[in-house]
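Asks: Please read through the structure below; I'll follow up with questions.
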Amino acid sequence: MSFTISKKHELVPTIHRIDVEALRLAEKAMPGQFVILRIDEHGERIPLTIADFDASAGTITLIFQEIGKTTRQLALLAAGDQITDFTGPLGRPSEIRGFGTVVCVGGGVGIAPIFPIARGMREAGNRVISVIGARSESILFWEDRMDEASSELYVATDDGTKGHHGFVTDIVQNILERGERIDRVIAIGPPVMMRAVAGVTKPFCVKTVVSLNPIMVDGTGMCGACRVLVGNETKFACVDGPEFDAHEVDFTLLMNRLAMYLPEEKEALERYEH
Amino acid sequence: MSTESKSKTSLEMPKQPPSERRSNFNEVALGYTKEEVVAEAKRCLNCKKPPCIEGCPVGVDIPLFINHIADHDFDAAARVLKSTNSLPAICGRVCPQETQCEAVCVLGKNGDPIAIGGLERFTADYEMEKGAVIPDVPESTGRSVAVVGSGPAGLTAAAELAKMGHAVTIFESLHAAGGVLMYGIPEFRLPKSIVAAEIDFIRKLGVYICLNSVIGKIDTVDDLLDEYDAVFLGTGAGLPSFLGVDGENLNGVYSANEFLTRVNLMKAYLFPEFDTPIKKGSRVIVVGGGNVAMDAARCALRLGTGEVTVVYRRGEDELPARAEEVLNAKEEGIVFRLLTNPIRILGSEQNWVKAMECIGMELCEPDESGRCRPVPVSGTEHTLPADIVIIAIGTSPNPLVPMTTPGLETSRYGTIRADETGATSKPGVFAGGDIVTGSATVISAMGAGKIAAKAIDEYIRRV
Ligand SMILES: Cc1cc2nc3c(=O)[nH]c(=O)nc-3n(C[C@H](O)[C@H](O)[C@H](O)COP(=O)(O)OP(=O)(O)OC[C@H]3O[C@@H](n4cnc5c(N)ncnc54)[C@H](O)[C@@H]3O)c2cc1C
Ligand SMILES: Cc1cc2nc3c(=O)[nH]c(=O)nc-3n(C[C@H](O)[C@H](O)[C@H](O)COP(=O)(O)OP(=O)(O)OC[C@H]3O[C@@H](n4cnc5c(N)ncnc54)[C@H](O)[C@@H]3O)c2cc1C
Ligand code: SF4
Ligand code: SF4
Ligand code: FES
Numbered sequence: 080m081s082f083t084i085s086k087k088h089e090l091v092p093t094i095h096r097i098d099v100e101a102l103r104l105a106e107k108a109m110p111g112q113f114v115i116l117r118i119d120e121h122g123e124r125i126p127l128t129i130a131d132f133d134a135s136a137g138t139i140t141l142i143f144q145e146i147g148k149t150t151r152q153l154a155l156l157a158a159g160d161q162i163t164d165f166t167g168p169l170g171r172p173s174e175i176r177g178f179g180t181v182v183c184v185g186g187g188v189g190i191a192p193i194f195p196i197a198r199g200m201r202e203a204g205n206r207v208i209s210v211i212g213a214r215s216e217s218i219l220f221w222e223d224r225m226d227e228a229s230s231e232l233y234v235a236t237d238d239g240t241k242g243h244h245g246f247v248t249d250i251v252q253n254i255l256e257r258g259e260r261i262d263r264v265i266a267i268g269p270p271v272m273m274r275a276v277a278g279v280t281k282p283f284c285v286k287t288v289v290s291l292n293p294i295m296v297d298g299t300g301m302c303g304a305c306r307v308l309v310g311n312e313t314k315f316a317c318v319d320g321p322e323f324d325a326h327e328v329d330f331t332l333l334m335n336r337l338a339m340y341l342p343e344e345k346e347a348l349e350r351y352e353h
Numbered sequence: 006m007s008t009e010s011k012s013k014t015s016l017e018m019p020k021q022p023p024s025e026r027r028s029n030f031n032e033v034a035l036g037y038t039k040e041e042v043v044a045e046a047k048r049c050l051n052c053k054k055p056p057c058i059e060g061c062p063v064g065v066d067i068p069l070f071i072n073h074i075a076d077h078d079f080d081a082a083a084r085v086l087k088s089t090n091s092l093p094a095i096c097g098r099v100c101p102q103e104t105q106c107e108a109v110c111v112l113g114k115n116g117d118p119i120a121i122g123g124l125e126r127f128t129a130d131y132e133m134e135k136g137a138v139i140p141d142v143p144e145s146t147g148r149s150v151a152v153v154g155s156g157p158a159g160l161t162a163a164a165e166l167a168k169m170g171h172a173v174t175i176f177e178s179l180h181a182a183g184g185v186l187m188y189g190i191p192e193f194r195l196p197k198s199i200v201a202a203e204i205d206f207i208r209k210l211g212v213y214i215c216l217n218s219v220i221g222k223i224d225t226v227d228d229l230l231d232e233y234d235a236v237f238l239g240t241g242a243g244l245p246s247f248l249g250v251d252g253e254n255l256n257g258v259y260s261a262n263e264f265l266t267r268v269n270l271m272k273a274y275l276f277p278e279f280d281t282p283i284k285k286g287s288r289v290i291v292v293g294g295g296n297v298a299m300d301a302a303r304c305a306l307r308l309g310t311g312e313v314t315v316v317y318r319r320g321e322d323e324l325p326a327r328a329e330e331v332l333n334a335k336e337e338g339i340v341f342r343l344l345t346n347p348i349r350i351l352g353s354e355q356n357w358v359k360a361m362e363c364i365g366m367e368l369c370e371p372d373e374s375g376r377c378r379p380v381p382v383s384g385t386e387h388t389l390p391a392d393i394v395i396i397a398i399g400t401s402p403n404p405l406v407p408m409t410t411p412g413l414e415t416s417r418y419g420t421i422r423a424d425e426t427g428a429t430s431k432p433g434v435f436a437g438g439d440i441v442t443g444s445a446t447v448i449s450a451m452g453a454g455k456i457a458a459k460a461i462d463e464y465i466r467r468v
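Residue numbers (our numbering), protein chains in the order written: chain A, 80 to 353; chain B, 6 to 468.
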């Protein structure tokens, strides 16, 4: 059995959206969960967060950034093409219930996975303040969808081409300083961003959740490749997470482990491009 | 050669020489020729009350299939094998025959037992090459069974149920069927084409295999019970254990499961032709002394590692791995540091493994299990350089299914409780293999699958 891509387009340069036909998965998927896919027989298994799901159309939406061999190869596929393997929904769903006021922070490609969480939080009756950011306006996507899903939306760009000139953390800091009660913060983005958000919210004692993205193989708790350290305890992100308490996560370890295969990844990409 | 000595010793199966095989992933044991199997088969005494059958967990009619080989009727031999064992090409290769069928062969009392495994392997390969004959499947009973997990337990249960006329669907979380046969046991001991061919046979019996389906996520066991008349759980014991020492999360520390999955399932030994990478390292330490440790060590060696060392806390006699595999590993140049236990793993500033600190151990009086408990000897601390460490100290059952199945009882080790027929505490749900016993063997998982299939058949005909 293989899985058909029903829609595909480049949202902004190097960031793509694909919709994959997978009916059962679309019926079961919840915000915060992810899939593991393998493009073909020679492919690597890579995890991608479920950015949206549509049970009536039977599709799962993924948004990914081209960074290495597999994501480059995926970017070249078109609607109608097939993916050999597609497994999910993996990981624990986000904890979504009425907290009160929730701040949802999405950085870069992390805007995609934060979207269904923000929407779910809103549906659960929360006031949702969202903060999204990117290096530049040209690679910022889904501002409209985030706006729809949130009570308030703030935008930040590193180069100031859109919204606040600076990082999403500046805005989060402002929100916390305005003194209004914030019940929970959820941040998804590059590890450095998530670490920075954790640093900002810590002094305010606001429970903060991040979604970790370590290297994975099976995604079912069988290999331990995805080990992360949370509260000084080793956890398997694929089954115990991917969401964890940001104030307990060892981000240095996460970043170190993400760099484990850099030479091999470079080799694979170079070989693929030539 | 006198007839006497001929009947006492069996011909050793030829192997790739160690100097060659240590740098390739091709099968180590090369198999017998037709002439060799016939000669070996002729040694069988055709015992009246054959103890060998008792020694086989699935009860293969050993003298009967051997008899057919002696008569050069390999097709008949294959039929006998397949009637009790749906995966003979696999069992012939990986069964611990020395503790099972061959251990009780009467010839073993005064010479070599019959090389039952080797004969089984030959027969199965012979049939596979010719194209396996698909037995007639009885008319559909209109009943259906969901099997969770496609390891030897699930495959066997599925094959048996299909042969009874039930509609069977296997749900497997990975992208390939076979369980440990596919992701754990390396190509050089069990070629993946052999596993694929055996699985193809099971598909041809009418079993549908639904890959990429993690039960507990895409569907729960209760969802399956809504759609099927019964469920068999053969989810194995796939959760890796770690030592719990400092430094275990350093880059370069693998669980044996991850290392073997990358190498076998993902074919990382063929990187970059296949996309999944693996770290090769120049000094690899494998912690543990079982089959899994031997497999990891021998894979590491074949990736081109200069030096591979097995560190095990007990002595030579206590190594749980098959003696043959330990010998193979030694011949290939793997170093054994016995009575040695890791204390911590040391890393570089870049978070990479640099060395492992160990302590010498000594064996004291036997514990409840009859094994000698190793205790550290103070003052024997020492450091071994390493750039890759592979932890192969065992696995436990994955809690995913028990956690999402209300009413399914588990033991304190996380195994699913099942009676001797495989029935669990939940009506309509049966279980067998490593998920019930903890890590065991291919053939015991198959035995459990077979027994459960019988119980499932009775159950679904009743309800
Ligand atoms: C739970 C989870 C959810 C994710 N969701 C998204 C998402 O929605 N969108 C998105 O663009 N990216 C997501 N990622 C990251 C994505 O999996 C990697 O970008 C992808 O695997 C890179 O593969 P590659 O071959 O293109 O690049 P490579 O050149 O192989 O790797 C580039 C970098 O990606 C990471 N990486 C490589 N292989 C893996 C792997 N098997 N598993 C995890 N990370 C890996 C490493 O940090 C590596 O340095 C997620 C990761 C995880 C763990
Ligand atoms: C490296 C290694 C070497 C070994 N060597 C030998 C040997 O030489 N001889 C021998 O006899 N034994 C050997 N063993 C042991 C033997 O392989 C196991 O005892 C046997 O495979 C157990 O079979 P099983 O069917 O119970 O489980 P497994 O083979 O573990 O299969 C379980 C299957 O279930 C799937 N699964 C798990 N959870 C789910 C879920 N929630 N949904 C869907 N699918 C799921 C898994 O992906 C897997 O495919 C070895 C084991 C290892 C790890
Ligand atoms: S299945 Fe295994 S134990 Fe049984 S006869 Fe064959 S090799 Fe021996
Ligand atoms: S015990 Fe040995 S000699 Fe006797 S029937 Fe079995 S294989 Fe043949
Ligand atoms: S990816 Fe293998 S255990 Fe998490």
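We treat Cβ as the ideally placed atom computed from N, Cα and C, and that holds for glycine. The structure displayed is predicted, hence computed values, not measured ones.
If you measure from the beta carbon of aspartate 227 of chain B to each beta carbon in chain A, is any gap under 7 Å?
Replies: Within the second sequence, the letter at position 222 stands for residue 227 of chain B. Chain A contact via Cβ: absent.
Asks: So which residues on chain B does threonine 166 of chain A lean against when the C-beta distance must stay under 9 Å?
Replies: Translated into the one-based positions of the first sequence, residue 166 of chain A becomes position 87. Correct list: Ser178, Leu179, His180, Leu216, Asn217, Ser218, Val219, Lys222, Ile223.
Asks: Please report the straight-line C-alpha distance between lysine 345 of chain A and glutamate 145 of chain A, rounded to a whole angstrom.
Replies: Numbered from 1 along the first sequence, position 266 holds the residue referred to as residue 345 of chain A. Numbered from 1 along the first sequence, position 66 holds the residue referred to as residue 145 of chain A. In a straight line, the C-alpha of lysine 345 of chain A is about 13 Å away from that of glutamate 145 of chain A.
Asks: Looking at the unbroken beta strand (DSSP E) that takes in valine 380 of chain B, where does it start and where does it end?
Replies: Counted from its first residue, the second sequence places residue 380 of chain B at position 375. 377 to 381 is the span of the beta strand (DSSP E), which, as asked, contains valine 380 of chain B.
Asks: Using a Cβ cut-off of 7 Å, pull out every chain A residue sitting near aspartate 280 of chain B, in sequence order please.
Replies: Translated into the one-based positions of the second sequence, residue 280 of chain B becomes position 275. By Cβ distance, chain A contributes His121, Gly122, Glu123, Lys148, Thr149, Ala347.
Asks: Suppose you measure from the CA of leucine 210 of chain B to the CA of methionine 301 of chain A; what does that come to, to the nearest Å?
Replies: Here residue 210 of chain B corresponds to residue number 205 of the second sequence, with the count starting at 1. Here residue 301 of chain A corresponds to residue number 222 of the first sequence, with the count starting at 1. Distance between the alpha carbons of leucine 210 of chain B and methionine 301 of chain A: 30 Å.
Asks: What would DSSP say about leucine 308 of chain A, mapped onto helix, strand or coil?
Replies: Within the first sequence, numbered from 1, the residue matching residue 308 of chain A stands at position 229. Three-state result, leucine 308 of chain A: strand.
Asks: Which value, in whole angstroms, describes the spacing of the CA atoms of glycine 147 of chain B and histidine 171 of chain B?
Replies: Locating residue 147 of chain B in the second sequence gives position 142, where the first residue counts as 1. Locating residue 171 of chain B in the second sequence gives position 166, where the first residue counts as 1. Each residue's alpha carbon lies about 7 Å from the other.
Asks: Given the structure, does alanine 242 of chain B come close to ligand 5, in the sense that its CB is under 6 Å from one of the ligand's heavy atoms?
Replies: Here residue 242 of chain B corresponds to residue number 237 of the second sequence, with the count starting at 1. Incorrect: alanine 242 of chain B has no Cβ contact closer than 6 Å to ligand 5.
Asks: Roughly how many angstroms separate the alpha carbons of leucine 90 of chain A and phenylalanine 264 of chain B, rounded to a whole number?
Replies: Locating residue 90 of chain A in the first sequence gives position 11, where the first residue counts as 1. Locating residue 264 of chain B in the second sequence gives position 259, where the first residue counts as 1. Whole-angstrom Cα-Cα distance: 37 Å.
Asks: So, tyrosine 188 of chain B versus threonine 240 of chain B, is the Cβ gap smaller than 7 Å?
Replies: If you number the second sequence from 1, residue 188 of chain B lands on position 183. If you number the second sequence from 1, residue 240 of chain B lands on position 235. Result no, Cβ atoms of tyrosine 188 of chain B and threonine 240 of chain B do not sit closer than 7 Å.
Asks: Measure from the alpha carbon of threonine 128 of chain A to the alpha carbon of each residue in A:Gly159, A:Arg336, A:Glu322, then state which is nearest.
Replies: What you label residue 128 of chain A is simply residue 49 of the first sequence in a count that begins at 1. Considering only alpha carbons, the answer is A:Glu322.
Asks: If you measure from each residue's Cβ to the nearest non-hydrogen atom of ligand 5, which ones come out under 7 Å, in chain order?
Replies: Here the residues come out as A:Met295, A:Val296, A:Asp297, A:Gly298, A:Thr299, A:Gly300, A:Met301, A:Cys302, A:Gly303, A:Ala304, A:Cys305, A:Phe315, A:Ala316, A:Cys317, A:Val318, B:Glu263.
Asks: Exposed or buried, what is alanine 181 of chain B when buried is set at 16 or more other beta-carbons lying within 10 Å of its beta-carbon?
Replies: The count along the second sequence starts at 1 and reaches residue 181 of chain B at position 176. Alanine 181 of chain B should be labelled buried.
Asks: Based on the DSSP output, what are the partners of arginine 117 of chain A in its beta bridges?
Replies: Within the first sequence, residue 117 of chain A is the residue found at index 38, counting from 1. In the DSSP output, where bridge partners are listed per residue, arginine 117 of chain A has A:Asp164.
Asks: Would DSSP call phenylalanine 70 of chain B helix, strand or coil?
Replies: Numbered from 1 along the second sequence, position 65 holds the residue referred to as residue 70 of chain B. Three-state result, phenylalanine 70 of chain B: helix.
Asks: Which bits of chain B does aspartate 226 of chain A rub up against, with CB to CB less than 7 Å?
Replies: Position 147 of the first sequence, counting from 1, holds the residue named residue 226 of chain A. By Cβ distance, chain B contributes nothing, its closest Cβ being about 32 Å from aspartate 226 of chain A, past 7 Å.
Asks: How would you label glutamate 9 of chain B, buried or exposed, when you count the other beta carbons within 10 angstroms and need 16 or more for buried?
Replies: By one-based count along the second sequence, residue 9 of chain B stands at place 4. Residue placement at glutamate 9 of chain B is poorly supported in this model, since its pLDDT is 42, which falls under 50; the coordinates are not used for a value here.
Asks: Inspect the beta-carbon positions of valine 184 of chain A and valine 207 of chain A and report whether they are closer than 7 Å.
Replies: Position 105 of the first sequence, counted from the start, is the residue given in the question as residue 184 of chain A. Position 128 of the first sequence, counted from the start, is the residue given in the question as residue 207 of chain A. No. Outside cutoff.
Asks: Could you tell me whether the Cβ of asparagine 403 of chain B comes closer than 7 Å to any Cβ of chain A?
Replies: Taking the second sequence and counting its residues from 1, the one referred to as residue 403 of chain B is at position 398. Closer than 7 Å to some Cβ of chain A, the Cβ of asparagine 403 of chain B qualifies, so yes.
Asks: Once you ignore the five residues that flank threonine 310 of chain B on each side, which residues in its own chain have a CB closer than 8 Å to its CB?
Replies: The count along the second sequence starts at 1 and reaches residue 310 of chain B at position 305. Cβ within range, chain order: Lys285, Gly286, Ser287, Arg288, Val289, Ile393.
Asks: Mapping DSSP to helix, strand and coil, what is methionine 6 of chain B?
Replies: Mapped onto the second sequence, residue 6 of chain B falls at position 1. Residue placement at methionine 6 of chain B is flagged as unreliable, the pLDDT there being 38, under the threshold of 50; the coordinate-derived value follows with that caveat. Methionine 6 of chain B: coil per DSSP, three-state reduction.
Asks: In chain B, what lies closer than 7 Å to asparagine 335 of chain A by C-beta?
Replies: Working through the first sequence from its first residue, we reach residue 335 of chain A at position 256. What asparagine 335 of chain A touches in chain B: Asn256, Asn356.
Asks: Enumerated in chain order, which unbroken segments of the alpha helix (DSSP H) with a length of 4 residues or greater are wholly contained in the stretch 91 to 134 of chain B?
Replies: If we require 4 residues or more, the alpha helix (DSSP H) runs fully inside the stretch 91 to 134 of chain B come out as 93 to 99.
Asks: On a Cα-Cα basis, can you pick out the residue from B:Gly252, B:Met451, B:Lys54 that is closest to glutamate 354 of chain B?
Replies: Position 349 of the second sequence holds residue 354 of chain B. Of B:Gly252, B:Met451, B:Lys54, the residue nearest in Cα terms is B:Gly252.
Asks: Measure the Cβ-Cβ separation of methionine 18 of chain B and glycine 113 of chain B and say whether it is below 7 Å.
Replies: Residue mapping note: residue 18 of chain B aligns to position 13 of the second sequence, counting from 1. Residue mapping note: residue 113 of chain B aligns to position 108 of the second sequence, counting from 1. Not a contact, by the Cβ cut-off of 7 Å.
Asks: Under 8 Å, with one C-beta from each stretch per pair, do the stretch 233 to 245 of chain A and the stretch 210 to 219 of chain A reach the 3-pair mark?
Replies: As far as the Cβ criterion goes, the stretch 233 to 245 of chain A touches the stretch 210 to 219 of chain A, which means the pair count is three or higher.
Asks: Hey, valine 152 of chain B and alanine 167 of chain B are a contact pair by Cβ (cut 8 Å); roughly how many whole angstroms apart?
Replies: Here the question's residue 152 of chain B lines up with position 147 in the second sequence. Here the question's residue 167 of chain B lines up with position 162 in the second sequence. With 8 Å as the limit, valine 152 of chain B and alanine 167 of chain B do not qualify as a contact, their Cβ atoms being about 10 Å apart.
Asks: Quick test of your reading: valine 307 of chain A and leucine 291 of chain A, contact by CB under 8 Å. State the CB separation rounded to the nearest angstrom.
Replies: Counted from its first residue, the first sequence places residue 307 of chain A at position 228. Counted from its first residue, the first sequence places residue 291 of chain A at position 212. Yes, they are in contact, since the Cβ atoms of valine 307 of chain A and leucine 291 of chain A sit about 5 Å apart, within 8 Å.
Asks: Give the straight-line distance between the Cα atoms of methionine 200 of chain A and valine 182 of chain A, rounded to the nearest whole angstrom.
Replies: What you label residue 200 of chain A is simply residue 121 of the first sequence in a count that begins at 1. What you label residue 182 of chain A is simply residue 103 of the first sequence in a count that begins at 1. Computed Cα separation, rounded: 10 Å.
Asks: Could you check whether the Cβ of leucine 244 of chain B sits closer than 7 Å to any Cβ belonging to chain A?
Replies: Here residue 244 of chain B corresponds to residue number 239 of the second sequence, with the count starting at 1. Yes, because at least one Cβ of chain A sits closer than 7 Å to the Cβ of leucine 244 of chain B.
Asks: Could you name the residues of chain A that serine 260 of chain B contacts, counting a contact when the two beta carbons are closer than 7 Å?
Replies: Locating residue 260 of chain B in the second sequence gives position 255, counting from the first residue. Chain A residues near serine 260 of chain B: Cys302, Gly303.
Asks: When the Cα of glycine 412 of chain B is compared with those of B:Leu368, B:Tyr464, B:Ala201, B:Asp227, which residue comes out closest?
Replies: Start at 1 with the first residue of the second sequence, and residue 412 of chain B comes out as number 407. Comparing Cα-Cα distances from glycine 412 of chain B to each of B:Leu368, B:Tyr464, B:Ala201, B:Asp227, the minimum goes to B:Asp227.
Asks: Assign arginine 201 of chain A to one of three DSSP states: helix, strand, or coil.
Replies: Looking up residue 201 of chain A in the first sequence gives position 122. In this structure, arginine 201 of chain A counts as helix in the three-state DSSP scheme.
Asks: Quick check: what's the CA-CA separation for alanine 304 of chain A versus isoleucine 125 of chain A?
Replies: In the first sequence, residue 304 of chain A corresponds to position 225, counting from 1. In the first sequence, residue 125 of chain A corresponds to position 46, counting from 1. Whole-angstrom Cα-Cα distance: 12 Å.
Asks: Taking a Cβ distance cut-off of 8 Å, strictly less, list which residues of the stretch 94 to 108 of chain A are near chain B, in chain order.
Replies: Against chain B - using a Cβ distance shorter than 8 Å - the residues of the stretch 94 to 108 of chain A are Arg103, Leu104, Lys107.
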